[in-house]
Amino acid sequence: MRLNTPQDIGAMLRDARKAKGWTQAELASRLGMYQKDVSKAETQPEKLNVAVLLSICAMLDVRLSVGTQGNTEKTDLEMDF
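Numbering (UniProt numbering) for the sequence shown: 1 to 81.
Written as structure tokens, this is what we have:
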């Protein structure tokens with residue numbers, strides 16, 4: 001899925017978590033964080049720390065890729081799970 005806005009990141013994280021059948025609290029427990037932190041990642045991803053994003057993605061088996069598509073002036077961010 002191509003991501004165009006921070007809200008796209010939050011939606012992808014939520015969808016990946018739900019695909020595993022986990023609640024926010026279950027994901028938080030697995031990551032050693034609070035449920036409110038997972039909620040914030042899903043609802044306010046523009047404030048998300050990159051290290052936290054990578055930890056969440058790893059736990060959810062989400063692959064991040066950054067690249068360009070023919071236009072070297074524009075960078076694409078994609079997430080797949």
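Where a beta carbon is used, it is the ideal one built from N, C-alpha and C, also for glycine.
In this structure, the straight-line span from the alpha carbon of residue 38 to that of residue 25 is close to 8 Å. For residue 67, the enclosing beta strand (DSSP E) starts and ends at 63-67. Within the same chain, 28 come within 8 Å of residue 34 by CB-CB distance, once the 5 residues on both sides are set aside. Apart from the 5 residues on each side of it in sequence, residue 59 sits with its Cβ closer than 8 Å to the Cβ of 27, 30, 31 in its chain, given in chain order.
Going by DSSP, residue 35 is part of the alpha helix (DSSP H) stretching over 35-43.
By the neighbour-count definition (other C-beta atoms within 10 Å, threshold 16), residue 42 is a buried residue. When the beta-carbon positions are compared, residue 48 and residue 9 come within less than 9 Å of each other.
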